[in-house]
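Before any comments, here is the structure.
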């Protein structure tokens, strides 16, 4: 009898583990679909930063965008993705500022205008994102090498930038952001927020 009960318990445990694995797989696939939908949004730019997470079909969006309409439309897009039961919106809108807008452009020109980053600039979704709030800069997204990461941060120190925070990740590290072109993981996303910590030192509140 005891042996029978042990076998039943083992069977239940295996079934539970299989169910958990299936749910996690479904959430990972959902993250990828939502990230693709956001990446396809024509107004999502290198000056926005969005992360996607999902649990049991509930999608959570975090990050920051330059305009309120972008936030609203991104949330709406995420809600239309197959498998999304609901969407929790934690996207912040960056403060409107002409000096911040000018600084974004200046840094983008400095980074993507440098020969070392021309290949990134040629991508459909350039992977280095430039978040500016109150003249404080945060670089997010991905690069392929440490050399590129260091150079991007150096180039971002343009006149007018009070501070530059480096949150660039290497491609091999994965990400949960929408700013990496491959649906590999987010930014892509397919990795979740757990593997791409970000809210600690929120990019929109540098």
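Numbering (this note's numbering), first residue to last: 8 to 213. All C-beta atoms in this analysis are idealised placements derived from N, C-alpha and C, irrespective of residue type, glycine included. All values derive from a computational prediction rather than experimental measurement.
(Q) So for residue 35, helix, strand or coil by DSSP? (A) Numbered from its first residue, the chain shown carries residue 35 at position 28. Three-state result, residue 35: helix.
Q. Residue 45 by DSSP, collapsed to three states: which one?
A. Numbered from 1 along the chain shown, position 38 holds the residue referred to as residue 45. Three-state DSSP puts residue 45 in a helix.
(Q) Beta-carbon within less than 6 Å of residue 144's beta-carbon, same chain only, minus the 5 sequence neighbours each way: which residues are those? (A) For the purposes of this step, residue 144 is taken as residue 137 along the chain shown, with counting starting at 1. These residues qualify, in order along the chain: 163, 168, 171.
Q.
Quick check: what's the CA-CA separation for residue 45 versus residue 123?
A. Along the chain shown, read from residue 1 onward, the residue named residue 45 stands at position 38. Along the chain shown, read from residue 1 onward, the residue named residue 123 stands at position 116. Between residue 45 and residue 123, the C-alpha separation is close to 27 Å.
(Q) Using 8 Å as the threshold, is the C-beta distance between residue 177 and residue 160 below it? (A) Here residue 177 refers to the residue found at position 170 of the chain shown. Here residue 160 refers to the residue found at position 153 of the chain shown. No. Outside cutoff.
Q) Per DSSP, residue 150 is paired with what? A) One-based indexing of the chain shown puts residue 150 at position 143. Residue pairing from DSSP places residue 150 in a beta bridge opposite 177.
Q: Pick helix, strand or coil for residue 64, following the three-state DSSP scheme.
A: Position 57 of the chain shown, counted from the start, is the residue given in the question as residue 64. Assigned with DSSP and collapsed to three states, residue 64 falls in coil, not helix or strand.
Q | Segment limits, beta strand (DSSP E) that includes residue 137 | A | Translated into the one-based positions of the chain shown, residue 137 becomes position 130. Where residue 137 is concerned, the enclosing beta strand (DSSP E) starts and stops at 135-140.
Q) Can you name, in chain order, every residue of its own chain whose Cβ lies under 6 Å from the Cβ of residue 37, other than the five neighbours on each side? A) Position 30 of the chain shown, counting from 1, holds the residue named residue 37. The beta carbon of residue 37 lies closer than 6 Å to those of 61, 90 in the same chain, with the five residues before and after it left out.
Q) Can you name the start and end residues of the beta strand (DSSP E) that residue 95 belongs to? A) As a first step, residue 95 is located in the chain shown; it is residue number 88 there, counting from the start. Looking at the DSSP string, the run of the beta strand (DSSP E) that includes residue 95 is 93-100.
Q) Per DSSP, residue 82 is paired with what? A) Mapped onto the chain shown, residue 82 falls at position 75. None; residue 82 has no bridge partner.
Q | Pairwise C-alpha distance: residue 102 and residue 141 | A | The residue you call residue 141 lines up with position 134 of the chain shown. The residue you call residue 102 lines up with position 95 of the chain shown. Answer to the nearest angstrom: the Cα atoms are 8 Å apart.
Q | Given residue 70 as reference, the closest of 55, 83, 84 once Cα atoms are compared | A | Taking the chain shown and counting its residues from 1, the one referred to as residue 70 is at position 63. Closest option to residue 70, judged by alpha-carbon separation, among 55, 83, 84: 55.
Q. Quick check: the region 101-121 against the region 131-139, are there 3 or more CB pairs under 8 Å?
A. Two segments are said to touch when three or more pairs of C-beta atoms, one from each, lie closer than 8 Å; by this definition the region 101-121 touches the region 131-139.
Q. Cα-Cα, which of 86, 68, 108 is closest to residue 99?
A. Looking up residue 99 in the chain shown gives position 92. The residue from 86, 68, 108 with its alpha-carbon nearest to that of residue 99 is 68.
**Q.** Through-space distance from residue 151 to residue 108, alpha-carbon basis
**A.** Taking the chain shown and counting its residues from 1, the one referred to as residue 108 is at position 101. Taking the chain shown and counting its residues from 1, the one referred to as residue 151 is at position 144. Rounded to whole angstroms, residue 108 to residue 151 spans 27 Å at the Cα level.
Q) Sorted by chain position, which residues of the same chain lie with C-beta nearer than 8 Å to residue 93's C-beta, five sequence neighbours on each side aside? A) The residue you call residue 93 lines up with position 86 of the chain shown. Excluding residues within five positions, the ones whose Cβ falls inside 8 Å are 64, 65, 66, 86.
Q. Looking at C-alpha atoms only, which residue of 57, 77, 96, 84 is the closest neighbour of residue 137?
A. Here residue 137 refers to the residue found at position 130 when the chain shown is read from its first residue. The residue with the shortest Cα to Cα distance from residue 137 is 57.
Q) Roughly how many whole angstroms lie between the Cα atoms of residue 43 and residue 84? A) Along the chain shown, one-based indexing puts residue 43 at 36. Along the chain shown, one-based indexing puts residue 84 at 77. The C-alpha of residue 84 is placed about 10 Å away from the C-alpha of residue 43.
Q: Give every residue of the same chain whose Cβ lies closer than 7 Å to the Cβ of residue 48, excluding the five residues on either side of it in the sequence, and list them in chain order.
A: Counted from its first residue, the chain shown places residue 48 at position 41. Cβ neighbours of residue 48 beyond the five flanking positions: 80, 81, 84.
Q) From the DSSP output, which residues share a beta bridge with residue 57? A) Position 50 of the chain shown, counting from 1, holds the residue named residue 57. Residue pairing by DSSP places residue 57 opposite 70 in a beta bridge.
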